[in-house]
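Novice: This is the structure, below, for whatever I ask next.
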Amino acid sequence: MTIEEDLPELRTIGVLGAGQMGGGIAQVAAQAGFDVRLADASLELATKGRDKIGAQLGRLVDRAKMSEDMRDGILSRIQPIASSADFAGCDLVIEAATENFDLKVKLFKAIDDALAPEAFLASNTSSISVTKLAAATSRPSQVIGMHFMNPPPLMKLVEIVRAVQTSPRTYEVIKAAALKMGKVVVTSKDVPGFMVNRMLIPMLCEACFALQEGLGTPEDIDTGAKLGLNHPMGPFELADLIGLDTMLYIAEVLQREFGDDKYRPPTMLRNLVAAGWYGKKTGRGFYTYDDKGNKTGRAVQT
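Residue numbering for the sequence shown follows the numbering used here, starting at 570 and increasing by one per position.
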């Protein structure tokens, strides 16, 4: 029997984290026909996450890009739950919590305890060692990285990260699940930043250094990237979308793990994070934003 012939059919997917990434992953999974259990720090937050998905789908209905029946069907497949214990019965759980190693290990252990022995566990981490996360569980061969791009409903890519322990069967199961969600899959070894952020974070940091040095305004640098490099978003627009706290964390991981100062975070980035200016999610980063996430002006003065 080949690996492909031995693959289980995943029916129920758990998502831990109902924020921007977790909610997006839950939406994508439900749109693909999976039953989804969505958890956060509380049932209230998980329910708010589902409601936000409903509002986003509602805007698609308003623009005639989705029928009401389709929206209702997607939402009916997303069940908010109160805790990790309610992941019992899930075939796969995707963790999409804050990018903090100690927190992720704690959550992984709780999910591991709840799942049946044959179930799979994935992390949406963008920089943390999947090998270290796998080692904290009783099922290291069934642990893998499943890095969705932000925002998951719009971005086509999923970066699958193979831990040292990840079995070929686990890789094929998760790849099949990502393809069912309509994603394009690339595969990375478990190294700091993996593939995408290994390229992206130094570019975003270099834009910050250029701004620090007065090379141009945020608008000029963003426009240069969009029209000169054909990027769909400028580096500061993208950094605000990702979250400056997340960007700083990844840059610190890259510098620490590789021991190379080319990955060092700019002082400007550190200062914005210290001020609590994380980007769109706080309404202020390099730019300012209204309650709907629309850019309203420049926050950083140069």
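Note that CB positions come from ideal geometry on N, CA and C, so glycine has one too.
For Asn669, count neighbouring C-beta atoms within 10 Å of its own C-beta (all shown protein chains included) and say buried if the count is 16 or more, exposed if not.
Specialist: Locating residue 669 in the sequence shown gives position 100, counting from the first residue. Under this definition Asn669 is an exposed residue.
Novice: Using 10 angstroms around the beta-carbon of Asn766, count the other beta-carbons present and answer buried if the total reaches 16, otherwise exposed.
Specialist: Here residue 766 refers to the residue found at position 197 when the sequence shown is read from its first residue. Burial call: buried.
Novice: Just list the residues that DSSP pairs Ser757 with in beta bridges.
Specialist: Indexing the sequence shown from 1 puts residue 757 at position 188. Val730.
Novice: Count the C-beta pairs between the stretch 702-711 and the stretch 723-730 that are closer than 8 Å, then say yes if the count reaches three, no if not.
Specialist: These segments do not touch.
Novice: Run through DSSP, which three-state label would Met570 get?
Specialist: Residue mapping note: residue 570 aligns to position 1 of the sequence shown, counting from 1. For Met570, the pLDDT reaches just 47, beneath the cut-off of 50, and the residue's location in the model is therefore unreliable, although a value from the coordinates is still provided. Reduced to three states, the DSSP call for Met570 is coil.
Novice: Go to Ser645, then tell me how far its alpha helix (DSSP H) extends in each direction, as first and last residue.
Specialist: The residue you call residue 645 lines up with position 76 of the sequence shown. Per DSSP, Ser645 belongs to the alpha helix (DSSP H) from 637-645.
Novice: Using the beta-carbon count (16 or more within 10 Å), is Glu637 buried or exposed?
Specialist: Counting from 1 along the sequence shown, the entry for residue 637 is found at position 68. With fewer than 16 Cβ atoms within 10 Å of its Cβ, Glu637 is classed as exposed.
Novice: Cβ of Gly583 within 8 Å of Cβ of Cys659?
Specialist: Within the sequence shown, residue 583 is the residue found at index 14, counting from 1. Within the sequence shown, residue 659 is the residue found at index 90, counting from 1. Their beta carbons are under 8 Å apart, which means Gly583 touches Cys659 by this criterion.
Novice: Tell me the DSSP secondary structure of Lys634 in three-state form.
Specialist: In the sequence shown, residue 634 corresponds to position 65, counting from 1. DSSP places Lys634 in coil when its eight states are reduced to three.
Novice: Is it the case that the Cβ atoms of Ile647 and Ile680 are separated by a distance below 8 Å?
Specialist: Here the question's residue 647 lines up with position 78 in the sequence shown. Here the question's residue 680 lines up with position 111 in the sequence shown. Their beta carbons are not under 8 Å apart, which means Ile647 does not touch Ile680 by this criterion.
Novice: Between which two residues does the alpha helix (DSSP H) holding Ser825 run?
Specialist: Numbered from 1 along the sequence shown, position 256 holds the residue referred to as residue 825. The displayed chain sequence assigns Arg, not Ser, to residue 825. Its alpha helix (DSSP H) spans residues 813-827.
Novice: Give the list of continuous beta strand (DSSP E) stretches no shorter than 3 residues that lie fully inside the stretch 641-722.
Specialist: The stretch 641-722 contains these whole beta strand (DSSP E) runs: 647-649, 661-664, 689-692, 712-717.
Novice: In whole angstroms, what is the alpha-carbon distance linking Val662 and Glu782?
Specialist: Residue 662 sits at position 93 when you count from the first residue of the sequence shown. Residue 782 sits at position 213 when you count from the first residue of the sequence shown. The alpha-carbon atoms of Val662 and Glu782 are separated by roughly 44 Å.
Novice: By Cβ distance, which residues of its chain are closer than 7 Å to Lys673, with the 5 residues on each side in sequence left out?
Specialist: Position 104 of the sequence shown, counted from the first residue, corresponds to residue 673. The residues are Glu664, Ala666, Ser692, Thr694, Ile697, Leu702.
Novice: Can you tell me which of the three DSSP states Gly862 falls into?
Specialist: Here residue 862 corresponds to residue number 293 of the sequence shown, with the count starting at 1. Looking at Gly862 - three-state DSSP - the assignment turns out to be coil, as it is neither helix nor strand.
Novice: Classify Arg580 as helix, strand or coil using the three-state DSSP reduction.
Specialist: Within the sequence shown, residue 580 is the residue found at index 11, counting from 1. Reduced to three states, the DSSP call for Arg580 is coil.
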